[in-house]
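Notes follow the structure.
Protein chains: 2
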Amino acid sequence: MTERHVWRLAKRPVGDIADGDLAYGAETLPDLHEGQFSLRVTYLSLDPTNRIWMSDQEQYMPPVGVGAPMRGGVCGRVVESRKAGVNPGELYAGLGEWADIMVTDGTGLSRLPEIPGIPLAEAFGTLGLVGPTAYFGLLDIGQPKPGETLVVSAAAGGVGQIVGQIGKIMGCRVIGIAGGKAKCDYVVETLGFDAAIDYKNEDVGAALDRLAPDGVDINFEQVGGPIMVEVLKRMKLFGRIPLCGMISSYNATTPTEPPGFWTMILMRRLSIRGFIVTDFAARFAESGQAMLGWMMEGKLKTRQDIRPGLENAATAVKDLYSGGNFGKLLVEVTPP
Amino acid sequence: MTERHVWRLAKRPVGDIADGDLAYGAETLPDLHEGQFSLRVTYLSLDPTNRIWMSDQEQYMPPVGVGAPMRGGVCGRVVESRKAGVNPGELYAGLGEWADIMVTDGTGLSRLPEIPGIPLAEAFGTLGLVGPTAYFGLLDIGQPKPGETLVVSAAAGGVGQIVGQIGKIMGCRVIGIAGGKAKCDYVVETLGFDAAIDYKNEDVGAALDRLAPDGVDINFEQVGGPIMVEVLKRMKLFGRIPLCGMISSYNATTPTEPPGFWTMILMRRLSIRGFIVTDFAARFAESGQAMLGWMMEGKLKTRQDIRPGLENAATAVKDLYSGGNFGKLLVEVTPP
Chain A
1 MTERHVWRLA KRPVGDIADG DLAYGAETLP DLHEGQFSLR VTYLSLDPTN
51 RIWMSDQEQY MPPVGVGAPM RGGVCGRVVE SRKAGVNPGE LYAGLGEWAD
101 IMVTDGTGLS RLPEIPGIPL AEAFGTLGLV GPTAYFGLLD IGQPKPGETL
151 VVSAAAGGVG QIVGQIGKIM GCRVIGIAGG KAKCDYVVET LGFDAAIDYK
201 NEDVGAALDR LAPDGVDINF EQVGGPIMVE VLKRMKLFGR IPLCGMISSY
251 NATTPTEPPG FWTMILMRRL SIRGFIVTDF AARFAESGQA MLGWMMEGKL
301 KTRQDIRPGL ENAATAVKDL YSGGNFGKLL VEVTPP
Chain B
1001 MTERHVWRLA KRPVGDIADG DLAYGAETLP DLHEGQFSLR VTYLSLDPTN
1051 RIWMSDQEQY MPPVGVGAPM RGGVCGRVVE SRKAGVNPGE LYAGLGEWAD
1101 IMVTDGTGLS RLPEIPGIPL AEAFGTLGLV GPTAYFGLLD IGQPKPGETL
1151 VVSAAAGGVG QIVGQIGKIM GCRVIGIAGG KAKCDYVVET LGFDAAIDYK
1201 NEDVGAALDR LAPDGVDINF EQVGGPIMVE VLKRMKLFGR IPLCGMISSY
1251 NATTPTEPPG FWTMILMRRL SIRGFIVTDF AARFAESGQA MLGWMMEGKL
1301 KTRQDIRPGL ENAATAVKDL YSGGNFGKLL VEVTPP
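Protein chains in written order, with our numbering: chain A, 1 to 336; chain B, 1001 to 1336.
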């Protein structure tokens, strides 16, 4: 009998996630059945969509059931296996549980390559779900062309930092929107964005007028709310909006939709498309290969914000909704 | 010296088009310069976008200047030509003026084929600008697949009647929305739509629930307002919305945008794209050829609502905004 630790959804949050919405405890790891394996989680990925899964609002996969283990992106190593082709010590990543050990049949998980010279946190924080989110959202939906202006909100976050760098690789002029000087300096100086707007200390509309006087071709949208509205107003003819997230509304207790811009969508012939990374699951090998190449060439850097200790996950996740993370937010569950 | 009659924009309408916003009169036809020809207009096409052109709101081409001839879709025959390759008697169609004779260098006009056995009004009312609007909006943006459910608003209008029939050709289940029993009967019985909703006498939401219990894959949107909202709420996962028009708002004096549905666009991964027919100008030969083929096979029928007399154009155009037309609205300027 092995003990494991796990976070379960105790009740659905109302507004911000509160103490007691998630419950942490020890329990007995179930026995392995034929076709299953156990995975010791190294890193747990905390992502804005976690708050959606905790709710029962309309969403893109079933919400986490009350009483069930909290769902999360994970990477880890196989401990024991009763599944053909899966061997102890192998590295897997994908959708799992907020737990230190989990039993799985492998659904939602795939092999994560071991990359010489690149720490596991960085590989997972780039090639995990954030990577294909950025890759397919920008390339398939955003359709960037050299010389175009790309705006990315939540620019120093897990997805945003990758979107901006792929935009640069594609020859775009990239403007990031982030909160605070440190994040803005990071995306410009370390990641090579052309400019950044500090939404906590600048008038976003005025800054866009200055930095993108001809308007915006692509708005990679993750935030919603008043920042989204300022970017929308400045979309150019035939502009594209990959709609990746609306984090500003996830904790809202009353609807906070930005207004409709239907007439503008018509007159400027804008394209808007909502997407979820799993829509592109059949093509993850393509994104993984491309991004791994860019990492090896030094064109794709990512910063991880690593919080130690599974027991701290429920506190750490709140930082996503207040801008308290800087880079891809991970919990180190087991030392790598 | 030849006299012509023309409608000029006297002042920009506020709200509904009023008497005196457009002024009708006789004037001397200018002399032909080298590279120009004169066209005797047979039919003037009246289209919802006419109201946009009269305003100075944000729009997709320059508004008609106050004092300038009103812009409109026309077809007609060449009278005199000083342009190489253009000969008297030839048939042209495209963007022109609300006039009985116009002088042009041919910009915005192209040859309209003479189709044996098909009256000119029907050829123009199908292959004029309404045809490619329906064709590219539905096929390129809507991406219809067999068995999918297509909803088309303004179903008995110039574009709507074509959209629905192309949808049937593509194997979709087609639901039209139109005002009144006669229009609803027409799209089902004559055009072969699967069903129609009479928005003047039925609860559109309840009718959609009954006719499309699994939801809507494609909403070909021309109307906006509360009808659009009812369709939006019922969009299926991965649904597409070709945004062709928002006629319910064109006469509004205060903004009447439908609300934003950003969270739903994200969660259901909807695609929305605004378009104007001229965006596809380079491919008009493709749409013309396909639609001509369907017309010859009897798969594409259109109804024209023909009003005689150029002097009645300013009265007739108002019917577009009250649902007073039944079929493609044309003014017969000169007997064909």
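C-beta: ideal position from N, C-alpha, C; glycine also.
Proximal residues to residue i (C-beta, below 7 Å), its chain only, five neighbours per side dropped
{"i": "residue 56(A)", "result": "12 and 63"}
{"i": "residue 80(A)", "result": "32, 37, 38 and 88"}
{"i": "residue 15(A)", "result": "251 and 253"}
{"i": "residue 355(A)", "result": "There is simply no residue 355(A) to check, as chain A begins at 1 and stops at 336 in what is shown."}
Span of the alpha helix (DSSP H), counted from its first residue to its last, around residue i
{"i": "residue 1135(B)", "result": "1130–1136"}
{"i": "residue 210(A)", "result": "204–211"}
{"i": "residue 1266(B)", "result": "1262–1267"}
{"i": "residue 18(A)", "result": "It is not in any alpha helix (DSSP H) - residue 18(A) carries neither H nor E in the DSSP assignment."}
{"i": "residue 1319(B)", "result": "1319–1322"}
{"i": "residue 1086(B)", "result": "It is not in any alpha helix (DSSP H) - residue 1086(B) carries neither H nor E in the DSSP assignment."}
{"i": "residue 163(A)", "result": "160–169"}
{"i": "residue 1278(B)", "result": "Run containing residue 1278(B): none; DSSP gives neither H nor E here."}
{"i": "residue 193(A)", "result": "Looking at the DSSP string, residue 193(A) is not in any alpha helix (DSSP H), and its letter there is neither H nor E."}
{"i": "residue 257(A)", "result": "Careful: residue 257(A) lies outside any alpha helix (DSSP H) and carries neither H nor E."}
{"i": "residue 1359(B)", "result": "With chain B represented from 1001 up to 1336, any question about residue 1359(B) goes unanswered, as that position is not in the structure."}
{"i": "residue 1122(B)", "result": "1120–1127"}
{"i": "residue 334(A)", "result": "No alpha helix (DSSP H) holds residue 334(A); DSSP gives it neither H nor E."}
Residue i - partner residues in DSSP beta bridges
{"i": "residue 1198(B)", "result": "1178(B)"}
{"i": "residue 1104(B)", "result": "1037(B)"}
{"i": "residue 220(A)", "result": "152(A)"}
{"i": "residue 75(A)", "result": "43(A) and 93(A)"}
{"i": "residue 242(A)", "result": "273(A)"}
{"i": "residue 1069(B)", "result": "1008(B)"}
{"i": "residue 1081(B)", "result": "1037(B)"}
Three-state class that DSSP yields for residue i in the structure shown
{"i": "residue 234(A)", "result": "coil"}
{"i": "residue 250(A)", "result": "coil"}
{"i": "residue 98(A)", "result": "coil"}
{"i": "residue 284(A)", "result": "helix"}
{"i": "residue 1003(B)", "result": "strand"}
{"i": "residue 55(A)", "result": "coil"}
{"i": "residue 1272(B)", "result": "strand"}
{"i": "residue 1328(B)", "result": "strand"}
Endpoints, beta strand (DSSP E) assigned at residue i
{"i": "residue 1025(B)", "result": "1022–1028"}
{"i": "residue 1304(B)", "result": "1304–1308"}
{"i": "residue 109(A)", "result": "109–111"}
Cut-off 6 Å between Cβ atoms - residues of its own chain near residue i, not counting five sequence neighbours on either side
{"i": "residue 152(A)", "result": "160, 163, 164, 176 and 220"}
{"i": "residue 1102(B)", "result": "1039 and 1096"}
{"i": "residue 48(A)", "result": "245, 247 and 320"}
{"i": "residue 1277(B)", "result": "1129, 1132 and 1133"}
{"i": "residue 1249(B)", "result": "1224 and 1256"}
{"i": "residue 229(A)", "result": "258"}
{"i": "residue 327(A)", "result": "303, 304 and 305"}
{"i": "residue 109(A)", "result": "92 and 94"}
Same chain, Cβ closer than 8 Å to residue i, five either side skipped, listed in chain order
{"i": "residue 188(A)", "result": "176, 194, 195 and 196"}
{"i": "residue 119(A)", "result": "336"}
Any non-hydrogen atom of the ligand FMN closer than 6 Å to residue i Cβ
{"i": "residue 1013(B)", "result": "This structure simply doesn't include the ligand FMN, nor any ligand for that matter."}
- Below 8 Å between beta carbons is the criterion; list the residues of the stretch 1261–1292 of chain B that meet it against any residue of chain A, in chain order. 1261, 1262, 1263, 1264, 1265, 1266, 1267, 1268, 1269, 1270, 1271, 1272, 1273, 1274, 1275, 1276 and 1279
- Message: Please identify, using Cβ separations under 7 Å, the residues of the stretch 60–73 of chain A that lie next to chain B, in order along the chain.
- Response: 60
- Query: Between the stretch 1222–1242 of chain B and chain A, which residues of the former have a C-beta closer than 7 Å to a C-beta of the latter?
  - Reply: 1224
- chain A contacts made by the stretch 1144–1177 of chain B, where a contact means CB separation under 7 Å: none
- Item | Chain-ordered residues of the stretch 204–215 of chain A with a beta carbon less than 8 Å from chain B | none
- Message: Please list, in chain order, the residues of the stretch 1244–1255 of chain B that have any C-beta partner in chain A closer than 9 Å.
- Response: 1244, 1245, 1246, 1249 and 1255
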